[in-house]
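Shown next, in structure tokens, is the structure this report addresses.
Protein chains: 2
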Amino acid sequence: MSAAAAARRLRGAPDLAITVLEQGPEVSYSACGIPYWVGDVVGDRDELIARTPREFAARDIEVRTGTRAEELDLDAGTVRTSTGETLGFDRLVVATGGRPLRPDVPGLDAPGVHGVHRLADGADIRGAVAAGARRAVVLGGGYIGLEMAEALQARGLGVTVVLADDLPMSLLDRDMGERICKAMGDMGIDVQPGQPVRAIETGADGAVRAVTTDAGSYPCDLVVLGLGMGPEVGLARAAGLRIGETGAVEVDRTQRSRSHEAVYAAGDCSQTFHRLTGEAVHVALGTHANKQGRVAGSVIGGQAARFAGVLGTALTRVGDLEIGRTGLCSGQAEAAGYDVRAETIEGTTRAGYFPGAAGITVKLVSDSGSGQLLGGQVVGGPGAGKRIDVLATAIWAGLTAEEFAGSDLSYAPPFSPVYDPVVVAARVASRVEQG
Amino acid sequence: MSAAAAARRLRGAPDLAITVLEQGPEVSYSACGIPYWVGDVVGDRDELIARTPREFAARDIEVRTGTRAEELDLDAGTVRTSTGETLGFDRLVVATGGRPLRPDVPGLDAPGVHGVHRLADGADIRGAVAAGARRAVVLGGGYIGLEMAEALQARGLGVTVVLADDLPMSLLDRDMGERICKAMGDMGIDVQPGQPVRAIETGADGAVRAVTTDAGSYPCDLVVLGLGMGPEVGLARAAGLRIGETGAVEVDRTQRSRSHEAVYAAGDCSQTFHRLTGEAVHVALGTHANKQGRVAGSVIGGQAARFAGVLGTALTRVGDLEIGRTGLCSGQAEAAGYDVRAETIEGTTRAGYFPGAAGITVKLVSDSGSGQLLGGQVVGGPGAGKRIDVLATAIWAGLTAEEFAGSDLSYAPPFSPVYDPVVVAARVASRVEQG
Chain A
1 MSAAAAARRL RGAPDLAITV LEQGPEVSYS ACGIPYWVGD VVGDRDELIA RTPREFAARD
61 IEVRTGTRAE ELDLDAGTVR TSTGETLGFD RLVVATGGRP LRPDVPGLDA PGVHGVHRLA
121 DGADIRGAVA AGARRAVVLG GGYIGLEMAE ALQARGLGVT VVLADDLPMS LLDRDMGERI
181 CKAMGDMGID VQPGQPVRAI ETGADGAVRA VTTDAGSYPC DLVVLGLGMG PEVGLARAAG
241 LRIGETGAVE VDRTQRSRSH EAVYAAGDCS QTFHRLTGEA VHVALGTHAN KQGRVAGSVI
301 GGQAARFAGV LGTALTRVGD LEIGRTGLCS GQAEAAGYDV RAETIEGTTR AGYFPGAAGI
361 TVKLVSDSGS GQLLGGQVVG GPGAGKRIDV LATAIWAGLT AEEFAGSDLS YAPPFSPVYD
421 PVVVAARVAS RVEQG
Chain B
1 MSAAAAARRL RGAPDLAITV LEQGPEVSYS ACGIPYWVGD VVGDRDELIA RTPREFAARD
61 IEVRTGTRAE ELDLDAGTVR TSTGETLGFD RLVVATGGRP LRPDVPGLDA PGVHGVHRLA
121 DGADIRGAVA AGARRAVVLG GGYIGLEMAE ALQARGLGVT VVLADDLPMS LLDRDMGERI
181 CKAMGDMGID VQPGQPVRAI ETGADGAVRA VTTDAGSYPC DLVVLGLGMG PEVGLARAAG
241 LRIGETGAVE VDRTQRSRSH EAVYAAGDCS QTFHRLTGEA VHVALGTHAN KQGRVAGSVI
301 GGQAARFAGV LGTALTRVGD LEIGRTGLCS GQAEAAGYDV RAETIEGTTR AGYFPGAAGI
361 TVKLVSDSGS GQLLGGQVVG GPGAGKRIDV LATAIWAGLT AEEFAGSDLS YAPPFSPVYD
421 PVVVAARVAS RVEQG
């Protein structure tokens, strides 16, 4: 929809006809809001819908919901749809999105196993809760896993989070992951780390009864997949579009397919690149999807545009603990060949004496030789999380720890100590540089 | 104290003796916390004291409180103190701070007129409230003025803010200042703009009775000076130190005096420079004072360091309205010769559907030709204010609106819309660039 809107802004309806095919019932909804709808923080499903097909129609963008693109013929320039039509195109944007990653274990197709992807998934999970589900197992400890664990606990279910890894939030360093793990335990969420799932056990009625690992069996009547999102590329692959090393559609910086000039791909189905390393990555996040769609639409509309890469910035919360990360964590930075320096500091979100001051831990990863900032991680109480944007901006701009340490950030007692914790971390990192 | 601590970190006590002369009873206290102490948000005066003389003594820094430096003899390398001693020095740091600006009007020396500077001022104002003061007039609508108006109102006083300017917060653009003015009015604070004070009227007992302007007379039993802080340079000027165009001690980027090699100056008594324009400015804020002290102490301790300039970043709140600014406002940018482009957007602090989402207005000032970001202003509900740090970092790094618009900021429904309002503002600014 971002691509359609961007193209329409640049070229009017007489000049460019735009048709959107969507297999589901909605376009432009907040998948990231589903955990909060499940948790009753957001009361009404319709609040998660940003724009309706009718609103797009008013801008001369034809949206066909309930219409699946079944097959692409890229040489002929046609799409065959589930409604039996064949539509021609001059330019095609593949925006088939992602799909929840599913472990290859018995029982995964049982009706009590849910991804967190479409609004219908949210409705199904809410239905299971309303029908009396009492125990849930969440597979995976990424953002969706954490958010769903909290949501289901808030609805009164007992929740176990089963992790294949040792710790939740694998894109944070170990010491930060440990804090998150502890906070989850303190909330009463049962975390079971280091246990790849082996089977979903079902009863005679086909309903989910337990999740089994090598270490134990966790009774439940609801299983939620929080293992991340992979690219949905079935349609693209079948049509012969080049698929990159990450399994997503390979595109250039204008989101144009590497294999077909008339075809663009954007969002969770497309491969992108890391801003710092240049490496091909697949990061399924709405922010990138929106921007990539806008780039594709702008280019199709005739205006130069290019996607500037990702740092992998992300933010979530579990209970009162806010968790942000950006850039490279220590392991990623080492793998990319940097001489890694990591510094962690403890501070407070407000002046220490100000009511509501909460603890905050900031970790900075930098390159030991140049001082260049490579990554940041923030874990702390209310007000901590959004500070990750300051680090993301510093890293985006290529600042060194020392350059950033000198920066002129705001101070007022209700908002931060005299030196904001992100600057304290940078100062420690730059002082280490200077010996 | 920052200078002393930095020098001590680099050079031990046998190598460098450090003596601090302080005329008042405390060092290292949070002047910015005084309004919150007056407002009973912070309960205990001692919470505002960051470090005591005893703590410095433990690090071999001798602090003499109640000891005023009366006279400097820079050629002889001596300081004469109020206790009748003459101390010698090899290096001197002048850190005499600022003083509340005072209009030259009758009655200003009445006992009911208070600056907001030292902890004793806070104690005096608290005393006046405890003694039954019922109406206060605050002169000036900068940070201190706003914070004191709110604090006194919270303590049950009727509060009038008398402004010489048309609007509060003169370092924000008009449209932003109008929002603040309205919020103050909505809180029940009486704002009287465009009225330089003409006199403080006192009764037969010498107590304050009213503040008079050309437009009216505002009864009160308490007057608070919120007109800003000027540099306190009496001692430096008498000693022959060169005073800059802003009225503060002129220093180079190592905080060394321009006129005397052995003398440094840091904090509110010293002149500094604007990061973007290079112009001499005087900005009395604790963040700069801390950093400048550290630079002076590092250089004296033998380590290279330099102050990197100020953007004038600042943050406050009045009621639920958070107010941040950084860099150049439109008027400053025009005066500096830029071809100014200013764009203002409205957004929400969280996803629009998420409980607690509040309105936020972001204004970006950029250079029309190059796209370089020059300034940012943020006004909005809880969670709005600290976003000014993201803009401050982008401006610090020299990003254009377009470069910043592509940046990878965090998104999660409890924390922001998919596009953070600061990025939306940058996108609008860069789209305007592109025509």
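Respectively, the protein sequence lines represent chains A and B. Numbering-wise (UniProt numbering), the first sequence opens with residue 1 and increments by one. Numbering-wise (UniProt numbering), the second sequence opens with residue 1 and increments by one. Cβ atoms here follow ideal geometry from the backbone N, Cα and C, with glycine treated the same way.
From the DSSP output, in three-state form, read off Gly435(B) for me.
-> Low confidence applies to Gly435(B): its pLDDT is 47, below 50, so where it sits in the model is not reliable, and the reading given next is rough at best. The answer is coil: DSSP assigns Gly435(B) none of H, G, I, E or B.
What residues from chain A crowd round Leu409(B), counting only those whose CB sits closer than 7 angstroms?
-> Leu409(B) reaches chain A at Thr313, Asp389 and Ala392, counting residues in chain order whose Cβ is nearer than 7 angstroms.
What residues in the stretch 121–146 of chain B bring their beta carbon closer than 7 angstroms to a beta carbon of chain A?
-> Per Cβ criterion, the list is empty.
Flag Val27(A) as yes if its beta-carbon sits less than 9 angstroms from any beta-carbon of chain D, otherwise no.
-> The displayed structure is made up of protein chains A and B, and chain D is not among them.
Using alpha carbons as the reference points, say which of Asp75(B), Glu71(B) and Asp90(B) lies closest to residue 466(B).
-> Since the first residue shown for chain B is 1 and the last is 435, residue 466(B) is missing from the structure and cannot be characterised.
For a contact meaning CB atoms closer than 9 angstroms, what does Ser30(B) contact in chain A?
-> Ala351, Tyr353, Pro413 and Val418
To the nearest angstrom, how far is it from the Cα of Arg155(A) to the Cα of Ala357(B)?
-> Whole-angstrom Cα-Cα distance: 22 angstroms.
What's the call for Asp73(A), buried or exposed, on a 16-neighbour Cβ count within 10 Å?
-> exposed
In whole angstroms, what separates the C-alpha of Ala405(A) from that of Leu399(A)?
-> 10 angstroms
Can you name the residues of chain B whose CB is closer than 8 angstroms to the CB of Lys386(A)?
-> Gly383, Lys386, Arg387, Ser410, Phe415 and Ser416
Expected contact under 8 angstroms - CB spacing of Arg275(A) and Leu311(A) to nearest Å = That belief holds up - the Cβ atoms of Arg275(A) and Leu311(A) are roughly 5 angstroms apart, short of 8 angstroms.
Beta-carbon contacts of Val20(B) that lie in its chain and below 6 angstroms, excluding the five residues immediately before and after = Closer than 6 angstroms at the Cβ level, and outside the excluded window around Val20(B), lie Ala4 and Val63.
Residues, ordered as in the chain, of the stretch 46–58 of chain B that lie near chain A by beta-carbon distance below 7 angstroms | Glu47 and Leu48
Count the other CB atoms, across all protein chains shown, that sit within 10 Å of the CB of Ala58(A); report buried if there are 16 or more and exposed otherwise.
-> exposed
Would you say Glu343(A) and Thr361(A) are within 9 angstroms of each other, going by their C-beta atoms?
-> No, these two residues do not count as a Cβ contact at 9 angstroms.
Closest by C-alpha distance to Ala7(A), when choosing among Val249(A), Gly278(A) and Lys291(A) | Lys291(A)
Locate the alpha helix (DSSP H) running through Ile300(B), then write down its first and last residues.
-> Gly286 to Ile300
List the residues of chain A that Arg80(B) touches, going by C-beta distances under 7 angstroms, in chain order.
-> Those do not exist, as Arg80(B) stays about 32 angstroms from chain A at its closest Cβ, beyond 7 angstroms.
Give the secondary structure of Leu225(A) by DSSP, where H, G and I count as helix, E and B as strand, and everything else as coil.
-> Three-state DSSP puts Leu225(A) in a strand.
Check Leu10(B) in the structure and name its three-state DSSP category.
-> helix
Starting from Ala50(A) and walking both ways along the beta strand (DSSP E), at which residues does that stretch end?
-> First-last for Ala50(A): undefined, no H or E at that position.
Does DSSP put Asp166(B) in a helix, a strand or coil?
-> Secondary structure at Asp166(B): coil, using DSSP grouped into helix, strand and coil.
Beta-carbon neighbours of Thr316(A), restricted to chain B and to distances below 7 angstroms = Ala412
Is the number of C-beta pairs between the stretch 380–388 of chain B and the stretch 410–420 of chain A that are closer than 8 angstroms three or more?
-> yes
Between the stretch 260–273 of chain B and the stretch 230–250 of chain B, are three or more C-beta pairs nearer than 8 angstroms?
-> yes
Does Met1(A) get closer than 9 angstroms to chain B when you measure Cβ to Cβ?
-> no
In angstroms, rounded to a whole number, what distance separates the CA positions of Ser330(A) and Ala392(A)?
-> 16 angstroms
Just by C-beta distance, which residues in the stretch 263–293 of chain B are closer than 8 angstroms to chain A?
-> Arg275, Leu285, Gly286, Thr287, His288, Asn290 and Lys291
Any idea which residues DSSP pairs Gly373(A) with across the strands?
-> Checking the displayed sequence, the identity of residue 373(A) turns out to be Leu instead of Gly. As computed with DSSP, Leu373(A) is found in a beta bridge with Ser366(A).
What's the call for Glu245(A), buried or exposed, on a 16-neighbour Cβ count within 10 Å?
-> exposed
Can you tell me which of the three DSSP states Thr81(A) falls into?
-> Strand at Thr81(A).
Excluding the 5 residues preceding and the 5 following Val137(A) in the sequence, name in chain order all residues of the same chain whose CB lies nearer than 7 angstroms to its CB.
-> Thr160, Val162, Val211, Tyr218, Cys220 and Val223
Shorter than 9 angstroms from the beta carbon of Glu245(A) to some beta carbon of chain B?
-> Chain B contact via Cβ: absent.
Which residue from Thr83(B), Asp15(B) and Arg174(B) puts its Cα closest to that of Gln332(B)?
-> Arg174(B)
What is the DSSP secondary structure of Ala210(B), counted as helix, strand or coil?
-> strand
Chain-ordered residues of the stretch 85–105 of chain A with a beta carbon less than 7 angstroms from chain B | none
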